[in-house]
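J.:
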Amino acid sequence: MNGYEARVLDYCRQWLNGAQEFVLTTSGSTGTPQPITLRRSQLVASAERTMSHLGLGLGHRMLVCLNCEFIGGLMMLIRALEHGLHLTITEPVANPFALLPPDAQFDFASFVPLQLRAVLEQGHASRLEQMKAILIGSAAVDHSLTQLADTLQVPLYHTYGMTETCSHIALRRLNGPDASPYYRVLPGLHVEQDERGCLAIRGDVTNQELIQTNDLVRFAENDHHLFEWLGRADFIINSGGVKVPAEKVEQVLEITLAELNHLGRRAFVTGLPDERLGQQVTAIIEGEPLAEAQWTEVADKLRERLGRYEVPRAVHYVPAFAQTASGKLDRRGTLQQLDL
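If you count by UniProt numbering, then the sequence shown holds residues 1 to 340, one letter each, in order.
Have a look at this one:
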């Protein structure tokens with residue numbers, strides 16, 4: 001037994017022995033990871049809400065391939081232990097099916113985007129189609145992965161949530177005729193916006209405390225149980241006094257790269273210090289540098305699709321993006337690789 005397996009078994013023992021509190025660490029994707037204590041009652045409420053919403057329960061087969069030391073993986077364990085599912089647990093590798101017998105079948109799984117891409121690109125789509133539902137969480141799903149996943153018939157749900165809310169509090173359908181940019185808040189939870197337009201959440205999963213996020217959202221007209229995620233307030237770039245939403249530019253950049261056949265190129269946008277502008281909108285692209293003519297073509301497309309001040313004024317390349325232990329993009333760690 002290796003160290004990871006021992007830690008997973010310890011979580012299972014704690015749960016089965018009735019532990020009332022669990023200390024986890026936040027993902028660290030936007031700041032220093034912080035310890036947080038979650039009560040058993042919060043975790044039970046989260047598990048019950050998800051299983052009821054997806055119609056899963058006793059006897060169903062669950063694949064757990066997320067890191068169980070973070071909330072996404074831990075909640076998969078708890079859902080299975082609370083609702084009588086058959087558990088198969090693998091280490092959190094890029095392609096978990098590489099560790100499993102070819103005849104292993106499952107009804108439910110949760111992946112990070114990197115895993116979903118690896119599973120699809122390595123020819124395991126038919127194994128996903130046997131499932132009743134699949135969750136995709138922990139990071140944004142880019143345009144090329146959405147296109148790849150849209151060929152699947154199994155319901156794919158992109159999750160919205162965090163450690164403080166015991167994983168997801170809202171889901172949006174990624175594929176099929178019900179695909180939508182809007183997340184639907186799960187029943188029994190209250191959401192609102194602060195003066196910035198950022199989401200706040202209250203319910204049994206937060207121990208009835210109001211959790212204020214830095215996520216800018218837009219509620220659907222006349223329905224505050226549907227919201228579109230616009231990006232993080234702390235990812236706003238102030239360039240010459242103009243506020244540029246970095247994640248909006250990222251989405252357009254990723255779509256443009258995919259359309260111009262630079263498939264699989266991950267990218268993000270940040271504001272780097274600039275003497276004249278304060279911050280300069282800058283694209284960071286993973287992999288080998290594009291040829292000058294290729295980047296010129298990308299930049300021309302961006303000028304057609306973005307506002308004047310939103311177009312990146314510079315581009316830098318990183319061989320491989322840094323990631324947090326929970327599989328999220330580590331922006332700060334990636335930027336530290338740049339020789340600026």
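Yeah, the Cβ is synthetic: ideal placement off N, Cα and C, and Gly gets one too.
Within its chain, find whatever has a CB closer than 6 Å to the CB of Glu310; leave out the 5 residues flanking it on each side and keep chain order.
T.: Val244 and Val249
J.: Between the C-alpha atoms of Gly307 and Phe235, what's the straight-line distance to the nearest angstrom?
T.: 17 Å
J.: When burial is assigned at 16 or more other CB atoms within 10 Å of the CB, is Val205 buried or exposed?
T.: buried
J.: Is His60 buried or exposed, if buried means 16 or more other CB atoms sit within 10 Å of its CB?
T.: buried
J.: Distance, Cα to Cα, Leu302 vs Ala233?
T.: The alpha-carbon atoms of Leu302 and Ala233 are separated by roughly 22 Å.
J.: What first and last residue would you give for the alpha helix (DSSP H) that runs through Val244?
T.: Taken as a continuous stretch (DSSP letters only), Val244 belongs to no alpha helix (DSSP H), being part of the beta strand (DSSP E) at Val242 to Pro245.
J.: Under three-state DSSP, which class holds Phe70?
T.: Coil at Phe70, not helix or strand.
J.: Below 8 Å on the Cβ atoms is my guess for Leu38 versus Cys166; work out the distance and round it to an integer in Å.
T.: 6 Å
J.: Excluding the 5 residues preceding and the 5 following His190 in the sequence, name in chain order all residues of the same chain whose CB lies nearer than 8 Å to its CB.
T.: Closer than 8 Å at Cβ, skipping near neighbours: Ile201, Arg202 and Gly203.
J.: Since Ser110 is in the beta strand (DSSP E), which residue starts that stretch and which ends it?
T.: Where Ser110 is concerned, the enclosing beta strand (DSSP E) starts and stops at Phe108 to Phe111.
J.: Just to confirm, is the Cβ distance from His168 to Gly161 under 8 Å?
T.: yes
J.: If you follow the alpha helix (DSSP H) that Tyr4 is part of, which residue opens it and which one closes it?
T.: Gly3 to Leu16
J.: In chain order, what residues of the same chain lie with their CB nearer than 7 Å to the CB of Glu192, ignoring the 5 residues before and after it?
T.: Ala200
J.: What's the gap between the Cα of Gln294 and the Cα of Glu164?
T.: 42 Å
J.: Under a Cβ-count criterion, where at least 16 other Cβ atoms within 10 Å of its own Cβ denotes burial, should Asn222 be classed as buried or exposed?
T.: exposed
J.: Is Met146 helix, strand or coil when you go by DSSP?
T.: Here the sequence assigns Thr to residue 146, which means Met is not the residue at that position. Thr146 falls in the helix class under three-state DSSP.
J.: Verify the contact flag: Leu186, CB atom, against every heavy atom of the ligand HEM, threshold strictly below 7 Å.
T.: Absence of the ligand HEM is noted for the structure shown, with no ligands found whatsoever.
J.: If you draw a straight line from the alpha carbon of Met131 to that of Met76, how long is it in whole angstroms?
T.: 15 Å
J.: Comparing C-alpha positions only, which one of Gln337, Pro312 and Leu156 sits nearest to Glu247?
T.: Pro312
J.: Exposed or buried, Asp194, counting other C-beta atoms within 10 Å across all chains shown (16 or more means buried)?
T.: exposed
J.: Nearest to Pro187 by alpha carbon, out of Gly197, Leu171 and Cys198?
T.: Taking only the C-alpha atoms, the option nearest Pro187 is Leu171.
J.: Bridge partners of Tyr182, per DSSP?
T.: Glu228
J.: Under the DSSP definition of a beta bridge, which residues are partnered with Val205?
T.: The partner list for Val205 (beta bridge, DSSP) is empty, contrary to what the question assumes.
J.: Measuring CA to CA, which of Val281, Ala258 and Ala140 is closest to Glu297?
T.: Ala258
J.: Pull up the DSSP beta-bridge partners for Ile134, would you.
T.: Ala109 and Leu156
J.: Could you spell out where the beta strand (DSSP E) holding Asp215 opens and where it closes?
T.: Where Asp215 is concerned, the enclosing beta strand (DSSP E) stretches over Ile211 to Ala220.
J.: What are the start and end residues of the beta strand (DSSP E) that includes Gly307?
T.: That residue, Gly307, is in no beta strand (DSSP E); it is neither H nor E in DSSP.
J.: What residue from Val217, Arg266 and Leu9 has the CA that sits closest to Gly197's CA?
T.: Val217
J.: So who's on the other strand from Asp300, going by DSSP bridges?
T.: Answer is none; Asp300 lacks a bridge partner.
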